[in-house]
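Everything below concerns the one structure shown next.
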Amino acid sequence: MANIISILNPKGGSGKTTLSIHLARALHNSRHKVLLVDTDKQGSARDWNEAGEGTGGFPVVGLDRPTLDKDVSSLAENYGWIIVDGAAKLEKMIASAVKAADLVLIPVQPSPLDIWACDSLVEMIQARQHVTDGIPAAAFVVSRAKKGTVLAREVCDAITAYGFPILHGAVHDRTIFARSMTDGSTAIDDEPNGSASFEINHLLKQIMEAFQ
Ligand SMILES: Nc1ncnc2c1ncn2[C@@H]1O[C@H](COP(=O)(O)OP(=O)(O)O)[C@@H](O)[C@H]1O
Ligand SMILES: [Mg+2]
3 MANIISILNP KGGSGKTTLS IHLARALHNS RHKVLLVDTD KQGSARDWNE AGEGTGGFPV
63 VGLDRPTLDK DVSSLAENYG WIIVDGAAKL EKMIASAVKA ADLVLIPVQP SPLDIWACDS
123 LVEMIQARQH VTDGIPAAAF VVSRAKKGTV LAREVCDAIT AYGFPILHGA VHDRTIFARS
183 MTDGSTAIDD EPNGSASFEI NHLLKQIMEA FQ
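Residue numbering for the sequence shown is 3 to 214, as defined by my numbering.
This is the structure we're talking about:
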């Protein structure tokens, strides 16, 4: 049965699709059987797959109705990992992606305003955990952080107040992330020994440990 990770943040532009595609690609490169589920009607992950002419090595499918949790669980036995790339704003879709998940990752830009915007998502996850013995687990991932800056105290405090851990390291704001994706590639393919690739693999290591 697949380990299911939903990458969620109601705020558009927080880096959900970028993180989803890169984690899926890193898992694929480690010889895992991966499915990437695009739940956003805009279909950015599907556009990425199309731009690369489907050569990413794993299927990318669109499921953009709130039956997502049932649809994903019916696919779970065919994969080792399912990454669910979250939609913006649509409450029902996000609720369904929370229900589907073993782990929710919340990519968040390191500003208190962006963190506070996660309020309703955090409440939704906690409500779900309450009735399911703590499933899904949840963690923040600092996303699009400016290079060379340390996390401001108020950012750490705002995240810590929610009671979910923050994964160690961050996805920094790097042009390679954006540039590689426009032609259906990833930073991992374009610069396998680069810092962006290192960051993704460092996050993936922690995620895999969480499932052990
Ligand atoms: N770490 C990053 N470094 C540079 N650009 C990024 C990074 N993460 C996301 N972006 C860019 O920011 C925009 C929004 O990112 P995206 O992953 O689509 O966010 P979301 O799916 O949350 O809306 C895209 O143009 C993407 O290329
Ligand atoms: Mg997106």
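Idealized CB from N, CA, C, for every residue including glycine.
Please give me, in chain order, every unbroken run of the beta strand (DSSP E) with length at least 3 that falls completely inside the segment 83 to 150.
Qualifying beta strand (DSSP E) stretches, in chain order: 83 to 87, 105 to 110 and 139 to 147.
Which of the three DSSP states is assigned to Leu-77 in this structure?
Numbered from 1 along the sequence shown, position 75 holds the residue referred to as residue 77. In the structure shown, Leu-77 sits in a helix (DSSP, three-state: H, G or I).
Count the other C-beta atoms from every protein chain shown that fall within 10 angstroms of the C-beta of Gln-111, then say buried if there are 16 or more, exposed otherwise.
Taking the first residue of the sequence shown as 1, we reach residue 111 at position 109. So Gln-111 ends up on the buried side.
Hey, Thr-20 and Phe-179: beta-carbon distance below 7 Å or not?
By 1-based counting over the sequence shown, the position of residue 20 is 18. By 1-based counting over the sequence shown, the position of residue 179 is 177. It is a contact, given that the beta carbons lie within the stated cut-off.
What is the rounded straight-line gap between the Cα of Val-106 and the Cα of Glu-201?
Along the sequence shown, read from residue 1 onward, the residue named residue 106 stands at position 104. Along the sequence shown, read from residue 1 onward, the residue named residue 201 stands at position 199. So the alpha carbons of these two residues sit roughly 19 Å apart.
Can you tell me where the alpha helix (DSSP H) holding Val-63 begins and where it ends?
In the sequence shown, residue 63 corresponds to position 61, counting from 1. Here Val-63 belongs to no alpha helix (DSSP H); instead the beta strand (DSSP E) covers 62 to 64.
Using a threshold of 7 Å, state whether the C-beta atoms of Thr-41 and Ala-4 are closer than that.
Reading the sequence shown from its first residue, position 39 is the one you call residue 41. Reading the sequence shown from its first residue, position 2 is the one you call residue 4. Cβ atoms of Thr-41 and Ala-4: not closer than 7 Å.
Could you give the C-beta distance for Leu-153 and Gln-208, rounded to a whole number, given that I count them as a contact under 8 Å?
Walking along the sequence shown from the start, residue 153 turns up at place 151. Walking along the sequence shown from the start, residue 208 turns up at place 206. Between Gln-208 and Leu-153 the Cβ distance is about 17 Å, and since that is not below 8 Å, they are no contact.
Since Ser-8 is in the beta strand (DSSP E), which residue starts that stretch and which ends it?
Within the sequence shown, numbered from 1, the residue matching residue 8 stands at position 6. Element bounds for Ser-8: 5 to 9.
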